[in-house]
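Remarks on the structure that follows.
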Amino acid sequence: MDDEDIQALAKYRLEQSKENLEEAEALFDINKFKGASNRAYYSVFHAIKAILALEQVDFKKHSSVIAYFNKEYINKNIFPRELGKGVSEVRFFREKSDYVDFYIVTKEECENQINTAREMIKHVEEFIDKKIK
Numbered sequence: 400m401d402d403e404d405i406q407a408l409a410k411y412r413l414e415q416s417k418e419n420l421e422e423a424e425a426l427f428d429i430n431k432f433k434g435a436s437n438r439a440y441y442s443v444f445h446a447i448k449a450i451l452a453l454e455q456v457d458f459k460k461h462s463s464v465i466a467y468f469n470k471e472y473i474n475k476n477i478f479p480r481e482l483g484k485g486v487s488e489v490r491f492f493r494e495k496s497d498y499v500d501f502y503i504v505t506k507e508e509c510e511n512q513i514n515t516a517r518e519m520i521k522h523v524e525e526f527i528d529k530k531i532k
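Under this note's numbering, read the sequence shown as residues 400 to 532, first letter to last.
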């Protein structure tokens, strides 16, 4: 891939992230916290994948994407440690709500996940802007 294609992929994935966040917010507004939790997770996940696009790094497993992000970006203080904690929480609640029967995501948990997604998008936009310039 040339630089132009790499940048286009990063921007595309960031747009996916923003769209997922909009879906999470819409579901939250109608008290569909399970769906909102899922969409908030995917917002965070696609934002991370936008960063990885710039490095031309990709993984098949979600856990590998997140582990790499934590190792290369959180542990090296490129992104705030608090954001790394938020990413772990978003993943935890999404997995529980998707795979554990009868698990109910609370309104507060879901709101925190959406806030993490917003924060992630803000940081990723800034990161991509710096890398592309």
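Ideal placement from N, C-alpha and C gives every residue a C-beta, glycine not left out. Everything numeric in this text was worked out from a predicted model, so none of it was measured.
Check                                                                                                                                          : Outcome
Would A409 and I527 qualify as a contact pair, given that the criterion is a beta-carbon distance under 8 Å?                                   : yes
Does the region 479-493 come close enough to the region 451-460 to have 3 or more Cβ pairs within less than 8 Å?                               : no
Which residue's Cα is closest to the Cα of A359: H522, K532, K529?                                                                             : Past the boundaries of the shown model lies residue 359; the chain is included only from 400 to 532, so the question cannot be answered.
My understanding is that A439 touches A423, with C-beta atoms under 8 Å, so please give their C-beta distance in whole angstroms.              : 4 Å
Check I406 in the structure and name its three-state DSSP category.                                                                            : It should be noted that the sequence gives Gln, not Ile, for residue 406. Note: Q406 maps to helix in three-state DSSP.
Quick one: grab the DSSP three-state call for N430.                                                                                            : coil
What is the C-beta distance between S463 and Q512, in whole angstroms, given that I count them as a contact (C-beta under 8 Å)?                : Between Q512 and S463 the Cβ distance is about 21 Å, and since that is not below 8 Å, they are no contact.
Assuming I520 and L426 form a contact by the criterion Cβ under 8 Å, report the distance between their Cβ atoms to the nearest whole angstrom. : About 17 Å; that fails the 8 Å criterion.
Where does Y498 land, buried or exposed, given buried means 16+ other C-beta within 10 angstroms?                                              : exposed
Does I477 pass the burial test, meaning 16 or more other C-beta atoms within 10 Å, or should it be called exposed?                             : exposed
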